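In order, the protein sequences belong to chains A and B. Note that my numbering has the first sequence beginning at 1, numbered continuously upward. Note that my numbering has the second sequence beginning at 332, numbered continuously upward. Using N, Cα and C, we set each Cβ at its ideal position, and we do this for glycine too. The structure displayed is predicted, hence computed values, not measured ones. Here the structure is laid out as structure tokens; the discussion comes afterwards.
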Amino acid sequence: MVLLDIKNLTLEIDISGGWVKALDKINMVIHEGQIHALVGESGSGKSLIVKAIVGALPVRWRITADRMTWKGQNLLTMSVKARRKIIRKDISVIFQNPINSLDPLLTLGQQLKEMLPTDKLTKTWFWQRNAEKQGLAIKLLHKVGIKNHQICLNSYPHQISNDVVQKFMIAMALASEPKLIIADDPTRGMEVIAKTQILKLLSRVNQVRNMSILFVSHDLLAISNMASYMTVLYCGQTVESGELQQLRKRAFHPYTQALLDSAPSFRKDLPPKSPLTSLDGTIPTLYHLPIGCRLGPRCPRARRECVAIPQIRRVHTHFYSCHFPLHWKAK
Amino acid sequence: MTNVLLRYTNLVLVTLFILSLLSFILAYLFPGEAVENLTGLRLNELTAMQNSALMYSADDNIFVQYWHYIGELFAGNWGVSFSSGLPLYEDVGHYLPASIELSAYALFLSFFIGLPLGFIAALRHHKLTDYSLLSVSLLGYSIPVFWLALLLILVFSLQLGWFPLSGRISLLFEIPSITDFIIIDILLSDSIDKQAALISAFRHLILPTLSIAVVTTTLILRITRRSVIETLNSEFILAAYARGLTPRQVLMRHGIRNALIPILPLLAMQFPTLLTNAMIVESIFSWPGIGNWLIQAIYQQDYPAIRAGMLAVSVLVVIFTMSIDLTIRLTDPRRRRAERATT
Chain A
1 MVLLDIKNLT
11 LEIDISGGWV
21 KALDKINMVI
31 HEGQIHALVG
41 ESGSGKSLIV
51 KAIVGALPVR
61 WRITADRMTW
71 KGQNLLTMSV
81 KARRKIIRKD
91 ISVIFQNPIN
101 SLDPLLTLGQ
111 QLKEMLPTDK
121 LTKTWFWQRN
131 AEKQGLAIKL
141 LHKVGIKNHQ
151 ICLNSYPHQI
161 SNDVVQKFMI
171 AMALASEPKL
181 IIADDPTRGM
191 EVIAKTQILK
201 LLSRVNQVRN
211 MSILFVSHDL
221 LAISNMASYM
231 TVLYCGQTVE
241 SGELQQLRKR
251 AFHPYTQALL
261 DSAPSFRKDL
271 PPKSPLTSLD
281 GTIPTLYHLP
291 IGCRLGPRCP
301 RARRECVAIP
311 QIRRVHTHFY
321 SCHFPLHWKA
331 K
Chain B
332 MTNVLLRYTN
342 LVLVTLFILS
352 LLSFILAYLF
362 PGEAVENLTG
372 LRLNELTAMQ
382 NSALMYSADD
392 NIFVQYWHYI
402 GELFAGNWGV
412 SFSSGLPLYE
422 DVGHYLPASI
432 ELSAYALFLS
442 FFIGLPLGFI
452 AALRHHKLTD
462 YSLLSVSLLG
472 YSIPVFWLAL
482 LLILVFSLQL
492 GWFPLSGRIS
502 LLFEIPSITD
512 FIIIDILLSD
522 SIDKQAALIS
532 AFRHLILPTL
542 SIAVVTTTLI
552 LRITRRSVIE
562 TLNSEFILAA
572 YARGLTPRQV
582 LMRHGIRNAL
592 IPILPLLAMQ
602 FPTLLTNAMI
612 VESIFSWPGI
622 GNWLIQAIYQ
632 QDYPAIRAGM
642 LAVSVLVVIF
652 TMSIDLTIRL
662 TDPRRRRAER
672 ATT
């Protein structure tokens, strides 16, 4: 069953008088029980997509889309209230920066209890409810692997180490028992052990409760362990999306190939002391976006036709948008 | 906790020490004999015995003199005024409460008006309400206090005759001074018609309070607005929206407290401005407060009074500011250190 269906999502930002397309025709479909990876360099608009889905963008920015539906209900045309209800019930977000996304003046316990859905509570009186909430909160913490629940619940965000707060954020995301968890770079800046724990936790949640996860990251190694489907983003455009295995075996878009090549762990044939490959140049700023395919100036295969935006082409479940894809003779 | 308390006490003590030192040095810097400036007694009025005692201590070195000075300060022996010959300690004790009363009402009024308006302006950011509140506040901020006070007198006392021109209470009432806060004194006294006295006192309060409150209100409004806008744009507020909380829940549970914490220290810093404005307004409305009293002292070159008044006012400001700072420091959980390593 399709949970989230996004077609041609465009986000325009007003930068010193001119409207710039920060996201240009993004397409993404998330199925139930799927771990969907969203990959791209820093500045490619990954977090913007997340914010556009949950509606946490400034009002001044213009969002347009041909289709942006949650289980068939249109998210863009529905009332703010209805949308908020859906987000409260079915979608949870784990933010990039766990400490900044928590209220510094409330204890973690207060914030976790705030997220527990009130209709799940069975007791009537408020003191019974408080006890019940406390019990639920402790259970949630145990689920995400925080053993010392009392200290954690009574502390303020800044008093707890970063990886524990990240686990706590996952507990918060699980509190409303959502259908979709959006994990926006949840392992940023963490050391390996904490990272593995969090990734394992996310996969377990996916397997045990059949929750879908939109995993936003640039950590290809983590993604290849977890995700089944991948969407590659470059500078606000979706360049390629498809089954992870297919993408790894045969990427059509030069950018996807460059991304895969830049991760040494994926190259089995890499001889010792050989130079590592990387794409020349940097991602363009919003002030200097190239027309057409935005990879143009950096693309090793660019030709004159690339100034026009390429159409999306499809091979089975594999979508790409490139005029001159790799492997196209082999196809 | 005790550490913080100790540090603040230390800071207050050091500041007060420097203030007392300054007031002592002032006696030497003012024209005339230091002894005259310190005691308020003219040398030629002293008896022979007092004179010889004074000469004896004046010959001591300056540290001993300062030690004596501090001893007399704490004993409540602040000298007498040149002009009236009244003891300064009693004078300050009588006039300072009147000023504190006036400033406190003005401060409360500005809080009650400024804070909600600041919130409204911030919540309607970039909309008509915001812009109009901002321009009104700019207007209020730019009006000089003395001019505003005169205008208020001109319109409401002289033209319309709604409010009395000057003083604290109608001369008909004889209020025994117990605490020197007029409202409390009225409530404490039992010989007079309390209701009529209260009404009279309030009618006298309105104009001076208003003219001080206007500037402070606009200040509070602007500070609040800035802080609320910043808080509402911070990441955890967006995160709270993304968790599906309603705007009301977000504002009530996360917005208000976080917006207020940075405001309070800024407001504490506005207290001296408030007091200065109160002094000006006092002398316009002939309010028997410390400001009016000090300005009279300055006119009459009453050096002992200037010294004592300045010391009293600055001690008040220091203690007020420090105690607000301390309250914030102790209540802000962000400043609390992690007590243990956690899992």
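Asked: Considering Cα atoms alone, identify which of A/Val307, A/Ala82, A/Ala171 and A/Gln257 is closest to methionine 115 of chain A.; Found: A/Ala171
Asked: Report yes if the CB atom of leucine 11 of chain A is closer than 8 Å to the CB atom of isoleucine 91 of chain A, and no otherwise.; Found: no
Asked: Go ahead and label isoleucine 26 of chain A buried or exposed: buried means 16 or more other beta carbons lie within 10 angstroms of its beta carbon, across all protein chains shown.; Found: buried
Asked: Are there three or more Cβ pairs, one per stretch, closer than 8 Å when the segment 545-562 of chain B is compared with the segment 436-454 of chain B?; Found: yes
Asked: Count Cβ pairs between the segment 263-271 of chain A and the segment 198-217 of chain A that sit closer than 8 Å; are there 3 or more?; Found: no
Asked: With a threshold of 8 Å between beta carbons, is isoleucine 87 of chain A in contact with chain B?; Found: yes
Asked: Are the C-beta of serine 79 of chain A and some C-beta of chain B separated by less than 8 Å?; Found: no
Asked: In angstroms, rounded to a whole number, what distance separates the CA positions of phenylalanine 361 of chain B and valine 581 of chain B?; Found: 59 Å
Asked: Tell me whether the beta-carbon of valine 368 of chain A lies closer than 8 Å to the beta-carbon of leucine 153 of chain A.; Found: Outside the shown range of chain A, which is 1 to 331, sits residue 368 of chain A, and nothing can be said about it.
Asked: Flag aspartate 219 of chain A as yes when its Cβ comes closer than 7 Å to any non-hydrogen atom of the ligand NAD, and as no otherwise.; Found: You won't find the ligand NAD in this model; it holds no ligand whatsoever.
Asked: Compute the Euclidean distance between the alpha carbons of isoleucine 650 of chain B and glutamate 191 of chain A, then round it to the nearest angstrom.; Found: 48 Å
Asked: State buried or exposed for lysine 113 of chain A, treating a residue as buried only when at least 16 other CB atoms are found within 10 Å of its CB.; Found: buried
Asked: I want to see whether chain B comes within less than 8 Å of phenylalanine 252 of chain A, judged by CB atoms only; does it?; Found: no
Asked: Is asparagine 162 of chain A near isoleucine 99 of chain A, with beta carbons less than 8 Å apart?; Found: yes
Asked: Once the 5 residues before and after threonine 673 of chain B are set aside, which same chain residues still bring their CB inside 7 Å of it?; Found: Its pLDDT being 47, under 50, threonine 673 of chain B is placed unreliably in this model, and the coordinates cannot settle the point.
Asked: What residue ranges within the segment 120-148 of chain A form continuous beta strand (DSSP E) runs of no fewer than 3 residues, ordered along the chain?; Found: none
Asked: If you run the structure through DSSP and keep just helix, strand and coil, what is threonine 607 of chain B?; Found: helix
Asked: Give the single residue among B/Glu561, B/Leu657 and B/Asp663 whose Cα lies nearest to the Cα of asparagine 341 of chain B.; Found: B/Leu657
Asked: Can you tell which of A/Gly281, A/Gly292 and A/Ile94 has the C-alpha that lies nearest to the C-alpha of aspartate 184 of chain A?; Found: A/Ile94
Asked: In this structure, what does DSSP give as the bridge partners for lysine 21 of chain A?; Found: A/Glu12
Asked: Over the uninterrupted beta strand (DSSP E) stretch that includes arginine 84 of chain A, give me the two end residues.; Found: It is not in any beta strand (DSSP E) - arginine 84 of chain A instead sits in the alpha helix (DSSP H) that spans 80-90.
Asked: Along chain A, which residues have their Cβ under 8 Å away from the Cβ of arginine 584 of chain B?; Found: Asp103, Leu106 and Glu114
Asked: By Cβ distance below 7 Å, which residues in the same chain neighbour leucine 496 of chain B in space, the five residues on each side in sequence not counted?; Found: Ile484 and Ser488
Asked: Name the chain A residues whose beta carbon is nearer than 7 Å to that of glycine 567 of chain B?; Found: Note that residue 567 of chain B is phenylalanine in the sequence shown here, rather than glycine. Asn100, Ser101, Leu102 and Asp103, listed in chain order.
Asked: Throw me the rounded Cβ distance for the alanine 358 of chain B and leucine 369 of chain B pair, which I believe falls under 8 Å.; Found: 5 Å
Asked: When the cut-off is 8 Å and only beta carbons count, does histidine 323 of chain A lie next to chain B?; Found: no
Asked: Using the Cα positions of glutamine 73 of chain A and leucine 202 of chain A, report the straight-line distance between them to the nearest angstrom.; Found: 27 Å
Asked: Any C-beta of chain B within less than 8 Å: which residues of the segment 143-164 of chain A qualify?; Found: Ile146, Lys147, Asn148, Ile151, Cys152, Ser155, Tyr156, His158, Gln159, Ile160, Ser161 and Val164
Asked: Compile a chain-ordered list of the residues in the segment 224-254 of chain A whose CB is closer than 7 Å to at least one CB of chain B.; Found: none
Asked: For methionine 332 of chain B, count neighbouring C-beta atoms within 10 Å of its own C-beta (all shown protein chains included) and say buried if the count is 16 or more, exposed if not.; Found: exposed
Asked: In the DSSP assignment, what residue or residues form a beta bridge with tryptophan 70 of chain A?; Found: A/Leu4 and A/Gln73
Asked: How is leucine 38 of chain A classed by DSSP in three states: helix, strand or coil?; Found: strand
Asked: From what residue to what residue does the alpha helix (DSSP H) around leucine 464 of chain B run?; Found: 459-473
Asked: Run through chain A and tell me which residues come within less than 8 Å of asparagine 589 of chain B, C-beta to C-beta.; Found: Asp103, Pro104 and Leu105
Asked: Hey, does alanine 570 of chain B have any beta-carbon neighbour from chain A nearer than 8 Å?; Found: yes
Asked: Below 7 Å CB to CB, which residues in the same chain sit around threonine 317 of chain A once its five sequence neighbours on both sides are set aside?; Found: Gly242 and Glu243
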